[in-house]
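Chemist:
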Amino acid sequence: MPPDAGSGDTKRIMAQIIDGNRIAAKVIEEVAGKSGNFLGEHGRVPGLAVILVGEDPASAVYVRMKIRDCARCGIESFSYTLPERTTTGELLDLVGALNRDDRVDGLLVQLPLPATIDTRSVLDAIDPAKDVDGFHPANVGRLVRGDKHVLLPCTPSGVVRLLDDSGVEPRGMRAVVVGRSDLVGKPTALLLLNRHATVTICHSRTRDLPQVCRTADILVAAVGKPFLIQEDWVREGVVIIDIGINSIGPDDAPRFLLEDPKRVADFERKGYTLVGDVSPAAAVKAGLITPVPGGVGPMTRALLMENTLKAAEWRKNPPGVPK
Ligand code: GUN
Numbered sequence: 004m005p006p007d008a009g010s011g012d013t014k015r016i017m018a019q020i021i022d023g024n025r026i027a028a029k030v031i032e033e034v035a036g037k038s039g040n041f042l043g044e045h046g047r048v049p050g051l052a053v054i055l056v057g058e059d060p061a062s063a064v065y066v067r068m069k070i071r072d073c074a075r076c077g078i079e080s081f082s083y084t085l086p087e088r089t090t091t092g093e094l095l096d097l098v099g100a101l102n103r104d105d106r107v108d109g110l111l112v113q114l115p116l117p118a119t120i121d122t123r124s125v126l127d128a129i130d131p132a133k134d135v136d137g138f139h140p141a142n143v144g145r146l147v148r149g150d151k152h153v154l155l156p157c158t159p160s161g162v163v164r165l166l167d168d169s170g171v172e173p174r175g176m177r178a179v180v181v182g183r184s185d186l187v188g189k190p191t192a193l194l195l196l197n198r199h200a201t202v203t204i205c206h207s208r209t210r211d212l213p214q215v216c217r218t219a220d221i222l223v224a225a226v227g228k229p230f231l232i233q234e235d236w237v238r239e240g241v242v243i244i245d246i247g248i249n250s251i252g253p254d255d256a257p258r259f260l261l262e263d264p265k266r267v268a269d270f271e272r273k274g275y276t277l278v279g280d281v282s283p284a285a286a287v288k289a290g291l292i293t294p295v296p297g298g299v300g301p302m303t304r305a306l307l308m309e310n311t312l313k314a315a316e317w318r319k320n321p322p323g324v325p326k
């Protein structure tokens, strides 16, 4: 049973938190063990190449965390930082070289790329067998078909792993995914569909969005708008997966910090704080909810490590090909 938040007549049942940090730590530990086995079998550790173009501070932080995760997992990292003025051709040359480099099992180009670069042609150039982001059309197609052996995008597969670990079985449930991005919303909806949920995808043109959200047994918020999901948008007991990671700076603080002492302290320490797409008033109505931070974010990173190991193993022993 979820813990009781109040007392007397105004008792309120508080949402149970899905602890992404705990579940991600378990994944990381498993990957570390298996990459040790990989070294024993193949004489080298799995390798991940990460390319960062330009100087976007948030992207630089994400890339640093990915490199640190590699070290924790016994995965060799190859980090490339290219200047903002890099051309599409130069980036394609590097991707080609890393496709051919046998030490590299996984290859990731940090997004967003500078506007001058043709992102689609870069993602299409990554060897699908090394595409640990799951963004290559071949892997997207395999996801659509529900293939078993596929490199899945990390955030969506992290979402499903959180549900599994929390004992939520999507089969037959009504899932509403708010946000239709190629990287997060669409693949999350497909994974839930593959797990036999009845899925609705909502977006900026959806009519009466609150009403559609109220139909959800599982509500996935993947928009990037702080506190978009309001109290009267959700049913009591809904499972909420909050994928939004919104940085709240001094201008927005009065609107979004409310009176949450933990957030206020975090903001005062760092000068910004992170909030999700789900308002605190909606969150307390949930039966289960992922926090921001500490929910989906750590899972995305852990699943990148798992994908790198998977890519390394599959490159050595292609699935479906007898040894
Ligand atoms: N930028 C934000 N999220 C991601 C991600 O999952 N992969 C890549 N490559 N870039 C990102």
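Per the working numbering, the sequence shown starts with residue 4, numbered consecutively.
The beta carbon of each residue, even a glycine, is placed where N, CA and C say it ideally should be.
Once DSSP output is grouped into helix, strand and coil, what is the label at residue 204?
Modeler: Here residue 204 sits in strand by DSSP.
Chemist: Using the three-state DSSP reduction, which class does residue 270 fall into: helix, strand or coil?
Modeler: helix
Chemist: Report the start-end ranges of each alpha helix (DSSP H) in the region 93–132 that is 4 residues or longer and not cut off at the edges.
Modeler: You should have 122–128.
Chemist: Classify residue 258 as buried or exposed, calling it buried when 16 or more other Cβ atoms lie within 10 Å of its own Cβ.
Modeler: exposed
Chemist: Have a look at 45, 66, 290 and 247 and flag the residue whose alpha-carbon is nearest the alpha-carbon of residue 307.
Modeler: 66
Chemist: Are residue 212 and residue 41 closer than 8 Å when you measure CB to CB?
Modeler: no
Chemist: Only counting runs of 4 or more residues, tell me where the alpha helix (DSSP H) segments fall wholly within the region 128–183, in order along the chain.
Modeler: 140–148 and 157–168
Chemist: With distances taken Cα to Cα, identify the nearest neighbour of residue 53 among 145, 108, 28 and 20.
Modeler: With distances taken between Cα atoms, residue 53 lies closest to 108.
Chemist: Under the criterion of a Cβ to heavy atom distance below 7 Å, does residue 191 qualify as lining the ligand GUN?
Modeler: It does not: the Cβ of residue 191 is nowhere closer than 7 Å to a heavy atom of the ligand GUN.
Chemist: Quick check: what's the CA-CA separation for residue 160 versus residue 191?
Modeler: If I take the Cα positions, the gap works out to 7 Å.
Chemist: Please return the same chain residues whose Cβ sits closer than 7 Å to the Cβ of residue 5, not counting the five positions on each side in sequence.
Modeler: With a pLDDT of only 40 at residue 5, under the threshold of 50, the placement of this residue in the model should not be trusted; the figure read from the coordinates follows. The answer, listed in chain order, is 16, 17, 18, 19 and 290.
Chemist: When burial is assigned at 16 or more other CB atoms within 10 Å of the CB, is residue 50 buried or exposed?
Modeler: buried
Chemist: Starting from residue 276, follow its DSSP beta bridges and name the residues at the other end.
Modeler: 251
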